[in-house]
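If you're matching positions, the sequence shown starts at 8 in this note's numbering and goes up one per residue. Glycine included, every Cβ here is placed at the ideal spot set by N, Cα and C.
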Amino acid sequence: MSFVFKIKRNYVDFQTQEGVSFKYYQPNQRQVLEISKANTLEEIFKANEKLLRENLEVLQADARDDSKTFNQKEAKKIKEDFIEALLENSTLEDFFKAMNEEFIAQRENKRKN
């Protein structure tokens, strides 16, 4: 007999100024360990980039126009453009801080209920 466990990961839904909706999943233990093991600035940068690629998902519709959907290729391009913008504009730390604050708020909400 085998058991299958499905663990529901916490996530935050957010929308860019352009109206694209994303889902960002809370990092798992393996991902946190990878980042904590990174020593050089380049290793930290690559670990954070990998974390974004693994945990960021483009929702399959434009938040401003429900009738517009993205195909897989468009969604991948949108995701890559968003990640590149975060990395190039030095807003990565602000992004992770905002996501962490949302995860903390979710935990507090669950605790109160």
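| Check | Outcome |
| --- | --- |
| Quick check: PHE29 and GLN38, are their CB atoms within less than 9 angstroms of each other? | no |
| The alpha helix (DSSP H) with GLN22 in it runs from where to where? | From DSSP, GLN22 is part of no alpha helix (DSSP H) but of the beta strand (DSSP E) over 18 to 22. |
| Starting from GLU64, follow its DSSP beta bridges and name the residues at the other end. | LYS30 |
| Work out the CA separation of THR76 and LYS104 for me, nearest whole Å. | 29 angstroms |
| Where does LYS86 fall in DSSP's three states? | helix |
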